[in-house]
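In what follows, a single structure is set out as C-alpha cells and then discussed.
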Ligand code: 5AD
Ligand code: SF4
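In my numbering, the protein residues as written are 75 to 560.
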C-alpha cells in the first residue's frame, strides 16, 4: 500500500522515478527533507493553509492537497498568515475570480512580513489563459500556479517552487490520466467525497466547466469500490459520489457500466450506511436509476436536479437538451417512486434573451415541482462560452428584480415543504457541535435537512434516531429518541 510508504526510506539523491504515483512519493520525500531542515533552522514546523473556494469537487481536491502537505510535514493552519498558502479556485461565475484578486492583495501583505512565504494558486480559474496572463503580469509575488489536470503532480510542483525563486507555472490543456493512491487528509472522520468521474461533455452554453475541467473520464468501478471499502474500514459511514454529471458515469469505460449498476455494487459494501451523489443532469437520469433509488436502503432521500430554467426556449439556448414538460414529468416520476425524497435544484436568472414570459415559466416549474431548496444564480457572462457572445444580454436591474422574486418564491416553498416532516422520527448522522447553542449537536437527515438537538460530542459520526419537534424554516429543532448507533 502506498499509504505505508516511509518517506525517510526513499533515496532523494537518486533520479526521480518515471512511474506515477511513485514519482510523487519521491518528491514528497524531497519536500519532507526540506521541512526537516526548516524545523532545525526555525525550531518549529512550517505551517500551511489550504483555502477551498469552490464546489464539492474542489473540496475533495483540497483534501488531496492537504493530504500531501501533511505527509510532507507541514502543520495545518486556518489563518492565511502561514508559510505556505494555496488557493484552490473556482471560476463558474465572474464573482469568484474577483474575490481571488481581492484576497491576493491581503496575501501580498503577509508575504512582505515573511519573505520566505510561498503562495500557490490552483483549480479551475487557473485553466483560463487570460487569468494566468494577468497573474504573470501584475502578481509577480505568486510562487506556483497549476491547474485542474495535473493536481496529482502537486508534490513535484511544490518541490520545484521550494527549490527556486522564480514563478513556477504548469497548466495542462487536458488529460486522460487518472492517478490513484495519493495521500488524502479528510475533513470529517465519518463522511467523505469519492470522485467517480472527472470533466464534462455537455457544453451547456453558459458554462465554463467543460473548458476548465476537460472531457468526461470515469474511474474504473473496481478502483471506486476499493476506495470506498478502505474508507469504510477507516470509519466512514457516508459517502458522496462526485462528478459533474454522474448520470453519464461509465459510458467511456472499456467495459461500459451505468451509474445505476455502480450504485448497486456500492450498496453491497458492508458497513457503509449512506450514499449520496452529485450532480445529476436531468437529460441522463434513467428509469433504472429511479428504480435503484426506490429499492435502496442506503441511497439518501435527496436528489439534486438542476433545472437552470423553466422555459423550453431558454433551455434550448442553454443546450440543456430537455424541455419544461420533460423536466416536470421526470420530477413527478421521481416523487411517485420515492415519495419522501427531497428535491433540490440550481436555477439561473437573466440568461441572454430571457423574457418576462420565460421567467414566468421558471416560476411555474418552481411552484409545480416544489423544491426543498434551490440555489439561485444571476447569470454570469463567462468569456469563451457560446452564451457570452449571444445578443440580448439582460440589463442588470431587470435581472436583479427577477432574482429577488425567484428567491422569495423558492424560500416560501422550501419553508412550507420542510413542515411536512415536522413531528416525524428520522435517522440523523451527527456531524458536529452546534456553534451557537451550547449543549446542542447538529446532524443531517437522509433528505439532507439539518437538525439541532441536545447531545454531546461522543455522538459525532453516529447515526441516531431523532424526533423533529419544530421546523424553523431551513432547519429543525429535535430531540433524540435513541442514542444507540443505528
Ligand atoms: N452563470 C451563473 N450560474 C452558472 N452556473 C454555471 N455557470 C453559470 C454562469 N455562467 C450555475 C449552474 C450550475 C451551478 C453549479 O452553477 O446553475 O448548475
Ligand atoms: Fe456545466 Fe452543464 Fe457540465 Fe454542469 S452539465 S458542468 S452546467 S456544462
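We put the CB at the ideal spot given by N, CA and C, even for glycine.
The model shown is predicted, which means the values in this text are computed figures rather than measured ones.
With a threshold of 8 Å, the Cβ atom of residue 426 does not count as near the ligand 5AD, since no heavy atom of the ligand is closer than that. Shown here, residue 551 sits in a strand according to DSSP, grouped into three states. Residue 233 sits close to residue 105, with the two beta carbons spaced by under 9 Å.
DSSP places residue 238 outside both helix and strand once states are collapsed to three, so it counts as coil. Where residue 312 is concerned, there is no enclosing alpha helix (DSSP H), although the beta strand (DSSP E) around it starts and stops at 312-316. Assignment of beta-bridge partners to residue 291 by DSSP yields 272. Secondary structure at residue 383: coil, using DSSP grouped into helix, strand and coil.
Counting C-beta pairs with one atom in each stretch, the stretch 408-421 and the stretch 432-452 have three or more that are closer than 8 Å, which means they touch. Only exposed fits residue 531, as fewer than 16 other CB atoms lie within 10 angstroms of its CB. Residue 149 sits in a strand when the DSSP states are folded into three classes. In the three-state scheme derived from DSSP, where H, G and I count as helix and E and B as strand, residue 507 is classed as strand.
Residue 500 sits in a strand when the DSSP states are folded into three classes.
Within 8 Å of the C-beta of residue 449 there is at least one heavy atom belonging to the ligand 5AD.
Look at residue 518 here: in three-state DSSP terms it is strand.
Here the stretch 316-326 does not lie against the stretch 378-396, with fewer than 3 beta-carbon pairs under 8 Å apart.
Relative to the ligand SF4, even the nearest heavy atom lies 8 Å or more away from the CB of residue 418.
Here the alpha carbons of residue 409 and residue 559 stand approximately 29 Å from one another.
Taking the CA atoms as reference points, residue 433 sits about 35 Å from residue 267. By the criterion of a C-beta distance shorter than 6 Å, residue 298 is surrounded in its chain by 270, once the five residues flanking it on both sides are discounted.
For the pair residue 427 and residue 486, the CB atoms are not nearer than the 9 Å cut-off.
Excluding sequence positions up to five before and after residue 94, its CB lies within less than 6 Å of the CB of 253, all in the same chain and listed in chain order.
The Cβ atoms of residue 200 and residue 249 do not sit closer than 9 Å to each other.
Using a Cβ-Cβ distance cut-off of 8 Å, the stretch 492-504 and the stretch 533-545 are in contact, since at least three pairs of beta carbons, one from each stretch, lie closer than that value. Between the stretch 458-472 and the stretch 274-284 there are three or more inter-stretch CB-CB distances shorter than 8 Å, so the stretches are counted as touching.
In the structure shown, residue 512 falls within a coil segment according to DSSP collapsed to helix, strand and coil.
Scanning its chain for C-beta atoms nearer than 6 Å, with the 5 sequence neighbours on each side dropped, one finds around residue 81 the residues 102, 103 and 106, in chain order. Of all C-beta pairs linking the stretch 468-485 to the stretch 516-535, fewer than three are shorter than 8 Å, placing the two stretches out of contact.
Taking the Cα positions, residue 356 is about 14 Å away from residue 275. Taking a C-beta distance under 9 Å as the contact criterion, residue 362 and residue 349 do not qualify as a contact pair. In this structure, the beta-carbon distance from residue 295 to residue 145 does not fall below 9 Å. For residue 453, the distance from the CB to the nearest heavy atom of the ligand 5AD is below 8 Å. In the DSSP assignment, residue 203 falls within the unbroken alpha helix (DSSP H) covering 203-212.
Cβ neighbours of residue 216 within its own chain (closer than 8 Å, five residues either side excluded): 178, 193, 194, 195, 209 and 241. In this structure, the ligand 5AD has no non-hydrogen atom nearer than 8 Å to the beta-carbon of residue 510. In the three-state reduction of the DSSP assignment, residue 253 falls in the coil class, being assigned neither a helical nor a strand state. By the Cβ-count criterion, residue 405 is buried, with 16 or more other Cβ atoms from all chains shown falling within 10 Å of its own Cβ.
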